[in-house]
Amino acid sequence: MSRPSASAGDRRGLVLVGTAIVLTGLNLRTAVNSVGPVLQELEHGLGISSGLTGLVTSLPVICFAVIGFAGPPLAARFRDGHVLAGALLAMAAGLVLRAAAGAFWLFVAGTVLAMVGGALGNVLLPSLVKRWFPTRTGLLVGAYGTAMAAGGAVASVSAAPIARAAGDAGWRWALAVWAVPALLAALPWLAVPRRPGASRTAHTAVPLRSLARSPTAVALAAFFGFQAMQAYIIIGWTAQYLRDSGLDAATAGLLLGVNTVVVVPLNAVVPPLAVRPRLQRPLLLVFVACYVAGYVGLMAAPRTVPWLWMTLLALGMSTFAMVLALIGLRARTPETTAALSTVVQGWGYVLAGAGPLLAGVLLGATGSYAGMFAVALAGVAALLATGWLATRERFVDDEVAARVPAVREPDAASPRG
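Residue 861 in my numbering is what sits at position 416 of the sequence shown, and the numbering runs on without skipping anything.
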């Protein structure tokens with residue numbers, strides 16, 4: 446009788462972990478996507494310049510890069526569920542703090558705290574999928590990627606209406622409301638058991654520096670960085686660009702919402718396709734073509750079928766779901782997956798942060814969005830080149846092992862000092 450009982454317990458554990466993963470994914474982009482539609486109100490409310498507004502749009506990317514490196518060491522020392530529960534609680538506190546901030550430095554502090562949940566969730570979820578669902582990687586990556594896109598879509602669409610309904614300083618409510626789902630997402634992680642058969646010694650972090658010897662890890666990091674650059678330019682600046690092109694705030698926010706809504710089903714479909722080696726490069730070419738068409742259309746005719754341009758950009762943003770799938774495919778173990786996820790996303794976000802920041806600086810210096818489009822299109826070209834390398838069938842474990850000099854065993858007859 447004990448064996449069926451244990452099996453039923455394992456199934457309940459898998460359901461709990463799957464639920465926790467999806468709920469966490471739902472919260473990974475709400476803190477970021479809720480800012481763009483109320484960027485103008487935030488700028489006026491805090492009394493900041495366009496340059497500092499550019500910092501606001503880049504700050505989440507910087508936080509994802511820096512904080513994400515803490516993921517594997519924390520997971521090696523503490524239970525994964527406890528790490529993510531703490532991260533989501535920190536996110537909730539940060540969301541409230543930045544919404545109540547009266548000074549820019551306090552808004553920055555709240556944003557950094559809010560990004561803890563997103564940063565640790567970004568790097569730990571791929572390894573958790575590998576650990577708990579090794580034969581269903583594409584399905585689970587698709588599930589939490591879909592939840593991530595859905596949460597971002599709701600945040601984008603509802604931010605402007607919430608701000609308008611709340612009256613004076615309504616942008617604060619548009620940012621603070623997302624603390625509630627973050628709190629709810631923390632609860633199931635507290636009940637997640639340690640993985641059966643896993644010991645503290647077996648759950649050892651892979652040295653991050655060792656992945657610098659892997660060409661595939663480097664290519665994946667660059668690929669991730671250039672696709673994230675596109676996403677954060679789109680999320681951070683297109684709503685404001687559409688407003689400056691003559692559309693009202695609600696319509697601009699709705700169009701950004703269209704972009705994120707279209708991403709929702711794509712994030713469910715792309716990972717199961719991307720795990721098939723023969724489809725990876727054709728998918729990459731389609732996504733790059735969509736990026737180019739969307740940016741050119743948005744630049745040339747922002748008020749003519751803007752929903753089409755935002756939809757094309759959403760199709761291009763499927764590169765995010767693709768690179769998440771590739772992270773799991775290019776590592777052999779959960780520990781290597783965690784290290785690879787950290788390196789790829791950490792250094793990738795460092796690279797990505799330059800995009801929206803540079804867009805804000807160029808806008809402030811020239812008063813034109815031409816610089817933003819130039820940065821975006823140059824990034825698309827780099828995305829194609831690095832993605833082409835990342836889609837080669839390689840394992841980073843093998844590349845790292847091949848570059849570590851073999852240690853010569855001491856001869857049995859030789860004296861031991």
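Note that CB positions come from ideal geometry on N, CA and C, so glycine has one too. Because the structure is a prediction, the values reported are computed rather than measured.
Is residue i helix, strand or coil when you go by DSSP?
| i | result |
| --- | --- |
| tyrosine 740 | helix |
| isoleucine 603 | The displayed chain sequence assigns serine, not isoleucine, to residue 603. Helix at serine 603. |
| proline 727 | helix |
| threonine 580 | coil |
| glutamate 838 | coil |
| glycine 613 | It is aspartate, not glycine, that sits at residue 613 in the sequence shown. The answer is coil: DSSP assigns aspartate 613 none of H, G, I, E or B. |
| alanine 548 | coil |
| arginine 456 | helix |
| leucine 629 | helix |
| arginine 474 | coil |
| phenylalanine 514 | coil |
| valine 720 | coil |
| isoleucine 493 | coil |
| arginine 543 | helix |
| arginine 524 | coil |
| valine 622 | coil |
| serine 479 | coil |
| threonine 556 | helix |
Roughly how many angstroms separate the alpha carbons of residue i and residue j, rounded to a whole number?
| i | j | result |
| --- | --- | --- |
| alanine 465 | arginine 576 | 14 Å |
| alanine 530 | isoleucine 512 | 16 Å |
| valine 557 | leucine 635 | 23 Å |
| arginine 726 | arginine 581 | 22 Å |
| alanine 598 | proline 652 | 36 Å |
| leucine 459 | alanine 631 | 17 Å |
| alanine 592 | valine 708 | 10 Å |
| serine 447 | proline 638 | In this predicted model, serine 447 has a pLDDT of only 41, less than 50, meaning its place in the structure is not dependable enough to derive any value. |
| tyrosine 814 | cysteine 735 | 20 Å |
| alanine 611 | proline 517 | 41 Å |
| valine 602 | aspartate 613 | 19 Å |
| valine 568 | valine 825 | 24 Å |
| alanine 544 | glycine 555 | 8 Å |
| isoleucine 904 | threonine 781 | Only positions 446 to 862 of the chain appear in this structure, which leaves residue 904 out of reach. |
| glycine 490 | tryptophan 618 | 13 Å |
| glycine 587 | glycine 562 | 20 Å |
| glycine 590 | threonine 498 | 28 Å |
| isoleucine 772 | proline 717 | 13 Å |
| alanine 684 | alanine 608 | 15 Å |
| alanine 657 | valine 789 | 10 Å |
| asparagine 712 | arginine 723 | 19 Å |
| serine 572 | phenylalanine 765 | 16 Å |
| leucine 807 | alanine 846 | 44 Å |
| leucine 487 | arginine 775 | 41 Å |
| alanine 515 | valine 720 | 28 Å |
| valine 741 | aspartate 689 | 17 Å |
| leucine 757 | glycine 615 | 31 Å |
| glycine 691 | alanine 745 | 14 Å |
| leucine 822 | proline 801 | 13 Å |
| arginine 748 | glycine 702 | 16 Å |
| leucine 584 | aspartate 693 | 39 Å |
| isoleucine 678 | arginine 777 | 33 Å |
Which term fits residue i, buried or exposed, when burial requires 16 or more other beta carbons within 10 angstroms of its beta carbon?
| i | result |
| --- | --- |
| aspartate 420 | The question about residue 420 has no answer, for the chain in this structure spans 446 to 862. |
| valine 524 | Reading the sequence as shown, one finds arginine at residue 524 and not valine. By the 10 Å Cβ count, arginine 524 comes out buried. |
| valine 731 | exposed |
| arginine 474 | buried |
| arginine 522 | exposed |
| arginine 654 | exposed |
| leucine 787 | Looking at the sequence provided, one finds threonine at residue 787 rather than leucine. It is buried - the Cβ of threonine 787 has at least 16 other Cβ atoms within 10 Å. |
| glycine 812 | exposed |
| alanine 548 | exposed |
| tryptophan 682 | buried |
| proline 579 | exposed |
| proline 710 | exposed |
| tryptophan 623 | buried |
| arginine 457 | exposed |
| alanine 830 | exposed |
With a cut-off of 9 Å, does the C-beta of residue i fall near any C-beta of chain C?
| i | result |
| --- | --- |
| glycine 739 | The chain labelled as chain C is not found in the depicted structure, where only one protein chain is given. |
Indicate, with yes or no, if the ligand PLP has a heavy atom lying under 8 Å from the CB of residue i.
| i | result |
| --- | --- |
| isoleucine 679 | Absence of the ligand PLP is noted for the structure shown, with no ligands found whatsoever. |
* To do: Could you name each continuous alpha helix (DSSP H) segment of 4 residues or more that falls completely within the stretch 632-708, going from the start of the chain to the end?
  => 660-689
* Would you list, in sequence order, the uninterrupted alpha helix (DSSP H) runs of no fewer than 4 residues that lie entirely inside the stretch 787-827? => 799-811
* Please specify which runs of the alpha helix (DSSP H), each continuous and at least 4 residues long, are wholly inside the stretch 744-777, giving them in chain order. => 751-761, 764-774
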